[in-house]
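S.K.: One structure follows; several queries about it will come next.
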């Protein structure tokens with residue numbers, strides 16, 4: 001286990017290097033498009049506006065309150081999905097690096113976490129501005145979203161260390177993870193609201209993704225996230241961290257042989 | 260003091276077939292009583308002991324598949340021995356693969372920083388390299404154009420300059436001095452010589468006996484995962500060239 005901690009540390013101290021990588025990722029993503037960064041946010045905004053318009057009618061919700069509910073829930077989900085799918089492909093995507101440079105997987109986790117954090121913050125600014133134009137107003141508590149997003153990203157960092165090696169060793173796990181995420185998407189209150197579940201509310205309360213999403217969504221809607229969401233989410237982070245340590249100590253010497 | 264010590268190192272690696280790659284199949288086999296199907300082990304290095312100390316310029320020679328790359332990867336900490344111990348002292352620069360961290364959309368100049376960072380360069384070294392590389396490579400205006408517009412020769416020059424801009428105590432290089440015109444090769448050898456003389460320990464594998472002769476003072480001949488002969492360049496290269504005419508198993512058995 002001491003080796004695993006050392007491995008994590010060796011990745012952390014090279015933060016300048018993986019930050020450079022993450023910033024370059026973002027730069028390259030936007031470089032060749034005319035509107036630059038706003039092009040990608042524009043597609044998110046278009047999706048949110050059209051879905052909110054239709055689904056507010058389906059769920060018989062007033063558009064003004066349903067729009068921000070859907071918008072910020074969807075953004076939290078996009079962040080979670082981003083880190084999970086990047087985690088599943090992390091080791092294989094970095095095959096050349098892991099085979100030829102003495103980089104710990106935590107180095108790659110840093111790159112993935114930072115890259116997703118930048119994309120999320122960027123979309124958050126764009127969507128918040130658009131919603132303001134649609135009449136949505138923010139409270140000071142909205143700043144809590146930063147803590148919530150940080151928590152999700154910290155869990156994502158652990159997810160790279162857990163899923164990366166497993167998906168490299170067993171090639172069918174990646175598909176398994178992605179199908180599971182699709183299922184979770186429909187089981188989680190993003191389009192629908194927790195009270196819609198009625199007697200099936202166990203699907204909501206026992207769903208870790210619901211609690212994570214609330215950390216982002218609730219403050220943006222003007223109320224701090226309920227304490228139980230925070231408690232649940234910190235438990236997830238703790239469990240993910242322990243699993244990440246176990247995963248690193250079992251696989252750190254072998255990942256290069258699996259890719 | 261920079262040094263590399265191999266103490267009775269054996270390395271074997273798993274080769275998976277398709278079923279060994281599937282978690283479903285592996286789980287079924289496990290519960291069916293047949294543990295871990297679909298995996299075979301290949302021994303790439305067996306019982307190698309070697310001591311390389313400060314001032315040694317070591318050339319690794321041997322046929323393809325003799326274990327040269329495995330040895331370099333063990334030195335670079337990319338692989339870990341199955342048995343035995345590998346001990347490295349000093350700041351290590353692993354020049355194993357070409358072009359890691361390069362991006363075709365970025366200009367030559369923008370492409371300097373990340374590959375160097377990945378090799379472990381410090382900010383001051385990167386700063387110096389950004390001044391020196393545009394000159395050394397003679398790329399002119401191309402240095403500010405995207406890498407995808409470069410010819411193979413230009414690309415090779417840039418890549419070589421980036422890799423050789425990092426200084427370390429222990430230099431581990433897999434064969435990669437190639438491409439480029441004759442002009443470049445002589446220029447490159449000079450730069451390589453400078454880099455090698457700055458480092459405390461150098462290990463490089465190559466099929467070019469001329470390169471080995473001009474850079475190395477110790478040569479290690481490998482065959483089928485074993486060290487056949489260690490000695491000064493001329494002696495080992497002569498024995499190797501004679502040995503090459505026999506099948507590999509004969510020379511390995513003689514070791």
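Residue numbers (the working numbering), protein chains in the order written: chain H, 1 to 259; chain G, 260 to 514.
Built from N, CA and C at the ideal position, the CB exists for glycine as well.
1. By a C-beta neighbour count over all protein chains shown, 10 Å radius and 16 as the cutoff for buried, is residue 132 (chain H) buried or exposed?
2. What does residue 96 (chain H) reach in chain G if we use C-beta pairs closer than 8 Å?
3. According to DSSP, is residue 438 (chain G) part of a helix, a strand, or is it coil?
4. Say the cut is 7 Å; is the CB of residue 325 (chain G) nearer than that to a heavy atom of the ligand FAD?
5. Are the C-beta of residue 24 (chain H) and some C-beta of chain G separated by less than 8 Å?
6. Determine the burial state of residue 64 (chain H): buried for a count of at least 16 other Cβ atoms within 10 Å of its Cβ, exposed for fewer.
7. Using three-state DSSP, classify residue 275 (chain G) as helix, strand or coil.
8. On the DSSP letters alone, give me the boundaries of the alpha helix (DSSP H) that residue 396 (chain G) sits inside.
9. Quick check: the Cα distance between residue 439 (chain G) and residue 414 (chain G), rounded to an integer number of angstroms?
10. Start and end of the alpha helix (DSSP H) containing residue 111 (chain H)?
11. Report the neighbours of residue 384 (chain G) on chain H: residues whose CB is nearer than 7 Å to its CB, in chain order.
12. In chain H, which residues lie with their C-beta within 8 Å of the C-beta of residue 463 (chain G)?
13. Start and end of the beta strand (DSSP E) containing residue 490 (chain G)?
14. Residue 87 (chain H) by DSSP, collapsed to three states: which one?
15. Tell me the DSSP secondary structure of residue 243 (chain G) in three-state form.
16. Please name the residue in G:272, G:319 and G:496 whose C-alpha comes closest to that of residue 300 (chain G).
17. My assumption, with CB atoms under 8 Å, is that residue 352 (chain G) sits in contact with residue 378 (chain G). Please give the rounded CB distance.
18. Considering Cα atoms alone, identify which of H:180, H:230 and H:106 is closest to residue 244 (chain H).
19. Can a CB atom of chain H be found closer than 8 Å to the CB of residue 388 (chain G)?
20. Starting from residue 99 (chain H), find everything on chain G with Cβ-Cβ shorter than 9 Å and list it in chain order.
21. Spell out the partners DSSP gives residue 482 (chain G) in its beta bridges.
22. By a C-beta neighbour count over all protein chains shown, 10 Å radius and 16 as the cutoff for buried, is residue 3 (chain H) buried or exposed?
23. Does the Cβ of residue 198 (chain H) have 16 or more other Cβ atoms within 10 Å, making it buried, or fewer, making it exposed?
24. Based on DSSP bridge pairs, tell me the residues matched to residue 266 (chain G).
25. Give every residue of the same chain whose Cβ lies closer than 6 Å to the Cβ of residue 306 (chain G), excluding the five residues on either side of it in the sequence, and list them in chain order.
26. Just to confirm the assignment: which complete alpha helix (DSSP H) runs, minimum length 4, are found wholly within the segment 36-82 of chain H?
27. In the segment 371-383 of chain G, which residues sit with their C-beta less than 8 Å from some C-beta in chain B, listed in chain order?
28. Under 8 Å by Cβ, that's how I've got residue 88 (chain H) and residue 177 (chain H) pegged, so tell me the actual separation to the nearest angstrom.
29. I need the straight-line Cα distance from residue 92 (chain H) to residue 405 (chain G), nearest angstrom please.
30. Helix, strand or coil: which one does DSSP assign to residue 95 (chain H)?
31. Mind pulling the chain G residues with CB within less than 7 Å of residue 257 (chain H)?
M.R.: Taking the definition as stated:
1. Here residue 132 (chain H) is taken as the residue at index 132 of the first chain, counted from 1. Exposed, because fewer than 16 other Cβ atoms sit within 10 Å of the Cβ of residue 132 (chain H).
2. On the first chain, position 96 is the one that residue 96 (chain H) refers to. Within chain G, the residues whose beta carbon sits less than 8 Å from that of residue 96 (chain H) are 356 and 359, listed in sequence order.
3. If you number the second chain from 1, residue 438 (chain G) lands on position 179. Its pLDDT being 42, under 50, residue 438 (chain G) is placed unreliably by the model, and nothing is read from it.
4. The model on display carries no ligand, and the ligand FAD is accordingly not part of it.
5. Position 24 of the first chain, counted from the first residue, corresponds to residue 24 (chain H). Yes, contact with chain G.
6. For the purposes of this step, residue 64 (chain H) is taken as the residue at position 64 of the first chain. Here residue 64 (chain H) is exposed. Its C-beta has fewer than 16 other C-beta atoms within 10 Å.
7. Taking the first residue of the second chain as position 1, residue 275 (chain G) is located at position 16. In the structure shown, residue 275 (chain G) sits in a strand (DSSP, three-state: E or B).
8. Counting from 1 along the second chain, the entry for residue 396 (chain G) is found at position 137. First-last of the alpha helix (DSSP H) with residue 396 (chain G): 382-396.
9. If you number the second chain from 1, residue 439 (chain G) lands on position 180. If you number the second chain from 1, residue 414 (chain G) lands on position 155. Annotation note: pLDDT 46 at residue 439 (chain G) (below 50); position unreliable, coordinate value reported separately. Looking at the two C-alpha atoms, the distance is approximately 9 Å.
10. Locating residue 111 (chain H) in the first chain gives position 111, where the first residue counts as 1. From DSSP, the alpha helix (DSSP H) with residue 111 (chain H) extends over 105-133.
11. For the purposes of this step, residue 384 (chain G) is taken as residue 125 along the second chain, with counting starting at 1. Near residue 384 (chain G) there are no residues of chain H at all, since even the closest Cβ is about 13 Å away, more than 7 Å.
12. Mapped onto the second chain, residue 463 (chain G) falls at position 204. Those within 8 Å of residue 463 (chain G) in chain H number zero; the least Cβ separation is about 15 Å.
13. For the purposes of this step, residue 490 (chain G) is identified with residue 231 of the second chain, where counting begins at 1. Segment 485-490, the beta strand (DSSP E) holding residue 490 (chain G).
14. For the purposes of this step, residue 87 (chain H) is taken as the residue at position 87 of the first chain. It is helical.
15. Shown here, chain G extends from 260 to 514; a query on residue 243 (chain G) therefore has no answer.
16. For the purposes of this step, residue 300 (chain G) is taken as residue 41 along the second chain, with counting starting at 1. Closest in alpha carbon position to residue 300 (chain G), among G:272, G:319 and G:496, is G:272.
17. Residue mapping note: residue 352 (chain G) aligns to position 93 of the second chain, counting from 1. Residue mapping note: residue 378 (chain G) aligns to position 119 of the second chain, counting from 1. Correct: roughly 6 Å between the Cβ atoms.
18. To locate residue 244 (chain H), count along the first chain from 1; it is residue 244. It is H:106 whose Cα lies nearest to the Cα of residue 244 (chain H).
19. Reading the second chain from its first residue, position 129 is the one you call residue 388 (chain G). Judged by the 8 Å Cβ criterion, residue 388 (chain G) is not in contact with chain H.
20. One-based indexing of the first chain puts residue 99 (chain H) at position 99. Going along chain G in sequence order, the residues near residue 99 (chain H) (Cβ under 9 Å) are 332, 337, 355 and 356.
21. Looking up residue 482 (chain G) in the second chain gives position 223. For residue 482 (chain G), which the question treats as bridged, DSSP gives the partners G:485.
22. Translated into positions along the first chain, residue 3 (chain H) becomes position 3. Within 10 angstroms of the beta-carbon of residue 3 (chain H) lie fewer than 16 other beta-carbons, which makes it exposed.
23. Locating residue 198 (chain H) in the first chain gives position 198, counting from the first residue. So residue 198 (chain H) ends up on the exposed side.
24. Counting from 1 along the second chain, the entry for residue 266 (chain G) is found at position 7. BP columns for residue 266 (chain G) point to G:344.
25. As a first step, residue 306 (chain G) is located in the second chain; it is residue number 47 there, counting from the start. The residues 267 and 269, in chain order, have a CB closer than 6 Å to that of residue 306 (chain G) in the same chain once the five nearest residues on each side in sequence are set aside.
26. Entirely contained in the segment 36-82 of chain H, the alpha helix (DSSP H) runs reaching 4 residues are, in chain order, 37-58.
27. Structure shown: chain B not included; protein chains present are H and G.
28. Your numbering for residue 88 (chain H) matches position 88 in the first chain. Your numbering for residue 177 (chain H) matches position 177 in the first chain. About 5 Å; that satisfies the 8 Å criterion.
29. On the first chain, residue 92 (chain H) is found 92 positions in, with the first residue counted as 1. On the second chain, residue 405 (chain G) is found 146 positions in, with the first residue counted as 1. Rounded to the nearest whole angstrom, the C-alpha separation of residue 92 (chain H) and residue 405 (chain G) is 26 Å.
30. In the first chain, counting from the first residue as 1, residue 95 (chain H) sits at position 95. Of the three classes helix, strand and coil, the one that applies to residue 95 (chain H) here is helix, per DSSP.
31. One-based indexing of the first chain puts residue 257 (chain H) at position 257. 272 and 273, listed in chain order.
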